[in-house]
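Chains as they are written, first to last, in the working numbering: chain L, 1 to 355; chain R, 1001 to 1906; chain D, 2001 to 2189. Yeah, the Cβ is synthetic: ideal placement off N, Cα and C, and Gly gets one too.
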Amino acid sequence: MTSVSSASPGLRGLRDVKNRLFGPLPDVAQEAGYEPDHPKRVGFFTDTSVCIGCKACEVACKEWNTLPMDDSHGQRDALGLSGMSYDNTGQLGANSWRHVAFIEQSRAVDLPMPTFGRPGDDRHDHGPSPANAGDPISLANAQQSVLNAEALSEFDPQTGQTGADKQIRWLMSSDVCKHCTHAGCLDVCPTGALFRSEFGTVVVQGDICNGCGYCVAACPYGVIDQRKDDGRVFKCTMCYDRLTDGLQPACATACPTTSIQFGDLDELQARADARLATLKAQGVETARLYGRDENDGVGGDGAFFLLLDEPEVYGLPPDPIVTTRDLPAMWKAAGKAAVMMIGVAATAVLGSRRR
Amino acid sequence: MPGLGASFGRGGATNFLEDLANSDCIVIEGSNMAECHPVGFQWVGEAKARGAKIIHIDPRFTRTSAIADLHVPLRMGTDIAFLGGLINYVLSNDLYFKEYVAAYTNAAALVSEEFVDSEDLDGLFSGFDAENRVYDQKSWQYQPEEPPNSGSDDPGEAAEQERTDQHPDVKHSDRAQAAGSGGPTIASKPKRDDTLQHPRSVFQILKRHYARYTPEMVAEVCGIEPAVFEQVAKWVTSNSNRDRTTAWVYSVGWTQHSVGAQYIRTCSILQTLLGNIGRPGGGILALRGHASIQGSTDIPTLFNLLPGYLPMPHARQHGTLEEYVADAAGKAGFWGNKRAYMTSLLKAWWGEHATPENDYCFDYLPKINGDHSSYRTIADMIEGKVSGYFLVGENPTVGHPNGRMNRFGLANLDWLVVRDLQMIESATFWKESPEIETGELAPETIATEVFFMPAATHVEKEGTFTQTQRVLQWRHKAVEPPNDARSDLWFYYHLGRILRERLKDSTDPRDRPLLQLTWDYPVEGETADPSADAVLREINGFGPDGELLNSYMQMKDDGSTSGGCWIYCGVYADGVNQADRRKPGKEQGPVASEWGWAWPLNRRMLYNRASADPDGKPWSERKKYVWWDEAAGEWTGLDIPDFEKNKRPDYVPPDGAKAQAALAGSDPFVMQGDGKAWLFAPGGVVDGPLPTHYEPVESVVENALYKQQANPTVERIPGPWNRENPSMSEVFPFQVTTYRLTEHHTAGGMSRTLPYLAELQPEFFVEVSPELAELRGLTNGEFATLVSARTAIEAKVLVTERMRPIRLRNGQVVHQIGMPYHWSYAGISTGDSANDLLGISLDPNTHIQEDKVSTADIVAGRRPRGPGLIDFVEEYRRRAGVESGRVGKNGRDPVAADAGEGSTIT
Amino acid sequence: MLGVKTWLDSWPVYRQLTGSDPLGRGKAARSKGTEATVSRTATADRVVKSVCPFCAVGCGQNVYVQDEKITQIEGDPDSPISRGRLCPKGSASKQLVTSPTRVTTVKYRRPFGTDWEDLDLDTAMEMIADRVLEARRKGWQQVDGGKRVNRTMGLASLGGATLDNEENYLMKKLYSALGAVQIENQARI
């Protein structure tokens, strides 16, 4: 009979849990027990400044992962126009592991209309001179925004002005599971259905999940979701199976404009920093990185973003915090209880096996 | 596309997608590239990342506008005024590329003394025949050079041809499109004034023609503030010179207008003046909307063309092969070899039966003598003149304007064959269409027999598509099609086989073309699938010893060579399927010449000799592409030269030279009779040698430039089922445009039926501005009804500031409605069909309908159901002063409903 | 005993306690399913080179086939035009083959019929051939407007622009030999 001792190397490790549930963590895979030669941590950098909202990511994801249509039965009467710009997916869910958000913003600039003359026309030489129209850009800047006043800091030259009497901006962003450094879903999963892969990603194991749903409440981003007709939870796996074949995830493979970039996380972070610097240099003051900061509430994201406005505008929480942040403090007591429970569990399972 | 063909000599895109990365400025106009060609759009992104300015000119703010540097929201249907404004800006500010214009265009050519410009006739050019509403183009011709140096071999025959060219029957036969590869023919080279000062020089005519297209005029017509116009003009002109290039990108946002070919002509003139044609990062990129729409005109299933843009023989002009080639015989340019191309085609079709003695079976070809285009044919169907119809991967009752008229056409056939993947609406019109609901059609009255023949998907058959930049790419078959599903190649091969079998004992001369047709293709597999590879070999053509030809330059007019499509000759060069070449892009240079095969002769950028100066040196180091290598005595560079490889830049044609030998070493537009890009088109476009702003057929605005409101030569197909909304009518007060969404494809048969696409855009909707929503009491997410003189449809409303009213100087506010056209009643995602709202009026050059701009009313709430819909629309017609749209049985004219001929309906 | 050891190793809690993953969130938590993960691109019998059938960009596609079924279609990274990328339509193109509403057998609607009937493919081909000959005869014109035209106006055709070049070629060739001239294509639209 193999014995289980509280002196096992695993339990010894429990004593040092300072950064395991909060704050920067240089190597999530090693932390999760993989040998030092595990693959480098991979991730997504979604650069929304080049997103064209085509939704190839949504479809490629569904195709690869054979996800059901939104109503999961393919019934057309369940389909309907959302009325929210071109977004008919609504949010990330059990059947939508990528979701493209569409945000329309505008503000008016009032310019006089000029005139011209038709030869022999009595309309000749009337109306204000076009010379008075002024520089549309400075005029635009002088105007107050009429919509989303708070959200619309500065419109930038990167994202399209329209005409001169009105400026319009249409933001698009493909959202996805963030594969947090400290993943609330993973921390609370009681069955071990969620696990950290050797690539540093967070994946649900369908053969383990029992549909308890604890993870749903634990996700600070509201990503992980239960499938109604199935009970189990589903979310982006960063195409774990494709990664094992040396391929990129389906969404990043399809993305026509490389808005979704996949790669080694450290490399993506460097690329994102450079992109941000370029945009800032071009005067795009509103550009910012989201989920890039290792000191944020989830220890930084494995899937992070370059946004052109406040996160709230895209439906992202401004300051996500892992729900298990305070767990270490409780852990000491829990640890003792755990050892006892393991004993009980072992007996129970062994007993059941004998039958 | 005749707009490009008449300007440069070939109807295809002049450049290629990847080359957009080399642009310093990209103007996307008449195209929503990010939404409709998302993967191609990566090259725009590439250019932008390298610092290029991206301008999107479009009535709507789309996903393309969203990442452009500047969106210019011009009023629908006013692109000629905008581009004309740019031409005027370039000319009046002396910003054209002088050396390029002087050497490579027809700016110096003198035009006939008889020519009168539209500026002097209030919107009409000289030669207008008011009765037939067509132009006699004689007065638009060049003043001939003296002495003539490049005349025809057979002046008498050529003169006869020119005379018959002006016959209305011939005009309506869409001759212009035959400029698809080989520009329009000209009587002779022009007399020139190289100082460009002669008042009748093309340059001066052009200057006068566009003098009134000022920024202020643009503001009035297009609704674009002069400051914005100025911004566009500055970016475009400052990025068009020796060191920099600007590219223009268009799509059906330009072609689907009553002046569509002229839209493209205007752009061609501008890009020529700026010296952007044939140079890297320049050009005019025509973005086609379907996988092989370029291929479908190259090897056309079009009434007016044979493969390779050879015209379909016309009864009035082409009684014999001699007459057929008379207009080209002995002419300058590559069209001079028309006889060799045609003879090779006839040899490919009738093999050993085609001999010099029988004119190579030229007489076997049926002749056309008028407009036999799609919409005319639908009208003929309603009149009971057509018995049978094949729809092969096409869904006209949804994808074509005026679905009701299309359905009436189908309801009056004897039989209909539909080949498709899905049970599309064009196959079920007899039991499910809107007219069943209104009672205008009923299964019990429709005699049409319908055969639904399931088709194979793109992965269930082999063959080539020709994509937007003329590249043929071979697809391999991945799996067998299921059950009865078969490729269209299978269907036509076996139908032909059965028909030949049926007639094998016939002695009727009428059956001889079919019985003598070369029709022995190897078949393979259980289903006896014919070999697409064998067909491609036949298209490529064979030499005297049965060897595959390498180039159309090898084609002969003596019957010793064959080839089904001369411009595709070379696709099987060296006995290799060049379309199946897949050398990875990463292992090639930027032109990637070893991926697939482009016509002509694998040249990726057309007219690329113009990337060098007249002496053959690159215009600049930065824009180096193809140049003359003096030491090697040949043209060389990144691409295959679109020029005779060893023709020196200083070559001057000797007297009496013919075909390509008659073009100089500095004539880059090798398919044109004079080797030049045409600023002024003496031929090839039927509605004017210069583009002129007309309002759309259905407009809420009066033409600010001329008394002539709309294109005087527009084609109409009148009938109770195709009523027109009067312009400036209070009953139809809003402009409407139609378009695609990224999530769907055309008439929806390939997208509404796919679960993952259907859910992304699940319902038919229209887009309106907040101002229009307020005016008409429309609510976001609720239904609205749109009404035209054709019918009424309902759609969910999306209120968005991306749609905007245009305020004109006189205070008139033009409201614009956006309407994606993907829906109908079948499939997973459904809705009314946008195209039901539209009428059919046609560009006289192409017979393409104007569906990018029309008028309608919009009101809140759902449309009437059942027969109430007919009364509802009829009341609108009455109020607008439009004739009744009521129809008789099966859509026939109420009077003629029982008197049709050739129909089985009793 | 060995059996028990093996069995215990497969038990996550045991691995968690004895291995390097004390919190049981990584290596120790891997299920049988996870250990058996294999990408279906790796198990495909063959990868077939194709081209997307939607718009005219002509994106390269790799078509994965397993047991004579298509298991995946994705962008061909070798294509210099598309560089492996696909839009939502191209990404959904496998569903053209597998769409739940695809019709793969011949359907026939007789004159004045109120519903579809089934028809054998060979019979349908013969029936269509009959009708083509009859329509050709009915609409035949030797002369029109005083000129020889030797054609039929009884027969018309409209093709989509997703037809292969080879298909368009056979269509134009056959129709012309039959004398049919009202032959059109989406390219006009």
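With contacts defined by Cβ atoms closer than 8 Å, Val-1766(R) and Ile-1817(R) form a contacting pair. In terms of Cβ geometry, Thr-1457(R) and Val-2103(D) do not form a close pair [threshold 8 Å]. Taking 8 Å as the cut-off, the beta carbon of Tyr-1607(R) is found closer than this to the beta carbon of Gly-1278(R). Taking the CA atoms as reference points, Pro-1712(R) sits about 10 Å from Asn-1132(R). In this model, Lys-178(L) and Ser-197(L) are separated by some 14 Å (Cα to Cα). Cβ-Cβ separation between Gly-2026(D) and Ala-32(L): approximately 2 Å, consistent with a contact (criterion under 8 Å).
Among the CB atoms of chain D, one or more fall inside 8 Å of the CB of Thr-253(L). In this structure Val-1768(R) touches Leu-1778(R) by the C-beta definition: roughly 6 Å separates them, less than 8 Å.
Beta-bridge analysis with DSSP links Asn-2185(D) to Gly-2159(D). For Arg-2030(D), the neighbours in chain L by C-beta distance under 8 Å run, in chain order, Phe-195 and Gln-205.
Cβ neighbours of Val-2048(D) within its own chain (closer than 7 Å, five residues either side excluded): Val-2063 and Val-2065.
Chain-order list of chain D residues neighbouring Gln-1588(R): Pro-2080, by C-beta distance under 9 Å. Look at the beta carbons and you see the stretch 1571 to 1587 of chain R touching the stretch 1472 to 1479 of chain R: at least three pairs across the two are nearer than 8 Å. Contact between His-1815(R) and Val-2181(D) is absent: CB atoms are separated by about 43 Å, not below the 8 Å threshold. Under the DSSP assignment, Leu-1798(R) falls outside any alpha helix (DSSP H), being part of the beta strand (DSSP E) whose first and last residues are 1792 to 1799. Beyond the five residues adjoining it in sequence on each side, Thr-2043(D) comes within less than 7 Å, by CB distance, of Gln-2066 in the same chain, given in chain order. In the DSSP secondary-structure assignment, Gln-1294(R) is not bridged to any residue.
Take the alpha-carbon of Ala-1340(R) and the one of Ser-1562(R): they are about 9 Å apart.
Counting other Cβ atoms within 10 Å of its Cβ, Pro-317(L) stays below 16 and is therefore classed as exposed. Neighbours of Ala-1291(R) across chain D, judged by C-beta separation under 8 Å: Val-2051, Cys-2052, Pro-2053, Phe-2054, Cys-2055, Ala-2056, Gly-2058, Ala-2161 and Thr-2162. Counting along the chain, Ser-1065(R) sits inside the alpha helix (DSSP H) bounded by residues 1063 to 1066. At the C-beta level, Leu-1503(R) and Trp-1350(R) stay beyond 8 Å of one another. Contact between Arg-1740(R) and Glu-1099(R) is absent: CB atoms are separated by about 41 Å, not below the 8 Å threshold.
If you ignore the 5 residues before and after Ser-259(L), its C-beta comes within less than 7 Å of the C-beta of Thr-46, Asp-47, Thr-48, Val-50, Cys-51 and Ser-174, all in its own chain and listed in chain order. Between the stretch 1108 to 1115 of chain R and the stretch 1131 to 1146 of chain R, the count of Cβ pairs shorter than 8 Å is three or higher; the stretches touch. Under the Cβ criterion of 8 Å, Gln-1271(R) is not counted among the residues facing chain D.
For His-1476(R), the secondary structure class from DSSP, reduced to helix, strand or coil, is coil. Note that the C-beta distance between Gly-1388(R) and Leu-2170(D) is not below 8 Å. Under the three-state reduction of DSSP, Thr-1507(R) is assigned to coil, being neither helix nor strand.
Of all C-beta pairs linking the stretch 1402 to 1414 of chain R to the stretch 1434 to 1453 of chain R, three or more are shorter than 8 Å, placing the two stretches in contact. Pro-311(L) is positioned such that its CB atom lies no closer than 8 Å to that of Gly-297(L). Residues of chain R with a Cβ closer than 8 Å to the Cβ of Glu-2074(D) do not exist, since the nearest Cβ in that chain sits about 12 Å away. By the 16-neighbour rule on beta-carbons within 10 angstroms, Lys-1645(R) is exposed.
C-alpha of Tyr-1324(R) to C-alpha of Asn-1337(R): approximately 12 Å in a straight line. Under a criterion of Cβ atoms nearer than 7 Å, the residues of chain L adjacent to Lys-1796(R) are, in order, Leu-81. At least 8 Å separates the CB of Asn-1093(R) from every CB of chain L.
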